[in-house]
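Following numbering that gives the first Met the number 0, the numbering of the sequence shown begins with 0 at its first residue and continues without gaps.
Here the structure is laid out as structure tokens; the discussion comes afterwards.
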Amino acid sequence: MDCLENAVMGINGQFPGPTIRARARDTIVARDGTSMGPWPPSSMLKNPSSIPTVVSITFAGTYFYHGYYGMQSSREQEVDLSFKPFQWVGEPQTPLMNGRGQYNCSIAAQVSNTSSGPCNLTGNEQCAAQILNVQPNKTYRLRVASTTALASGAELESHVRVGPYISTN
């Protein structure tokens, strides 16, 4: 559209990529056979070294797939963000964790496609922190997905760091 040629990440020769439909316990086989270089999801594997350009792997991943082509998306959005009129909608009050967070649930109910919308609460539970009760010496996996270009942080209250977050073993 702007007469400039840009590299984009496509799937099966399509851009945007096709919808991947899967159910719980389905396995998705990801094959990278492009000339884009190492495949970004190598961080999900125990061995943090890059996956060669042409390879087939099977891995358990998230339900959200998207491209990681540098900072392509946010870099190209900065021009649009500087134009006027631009209305900044503000920082989110809180991220949602298991559907709970500090938000006005009546707004979500208007666009919800479920009969048991997020407003079926008594009192003020929607604003309460999500508490995950964990057992000592047990491993838990937290999946975090963000569609933002801006940074956000999280912490585990009273957690004592016992080693590196990225390990080579």
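In this text, a Cβ means the ideal position worked out from N, Cα and C, and glycines have one as well.
Assigned secondary structure, residue i (DSSP; H/G/I helix, E/B strand, else coil)
i   : result
Q13 : strand
Spatial distance of residue i from residue j (CA atoms)
i    : j    : result
S157 : P135 : 13 Å
L141 : Q13  : 31 Å
T18  : R24  : 18 Å
T138 : N11  : 36 Å
R160 : V133 : 16 Å
L44  : I27  : Caution is warranted here: a pLDDT of 43 is assigned to L44, below 50, making its placement in the model unreliable, and no coordinate value can be reported.
W38  : R20  : Low confidence applies to W38: its pLDDT is 47, below 50, so where it sits in the model is not reliable, and the reading given next is rough at best. Looking at the two C-alpha atoms, the distance is approximately 22 Å.
R22  : E154 : 30 Å
Proximity to residue i [Cα-Cα], best of the options
i    : options               : result
I130 : M96, V161, G162, Y139 : M96
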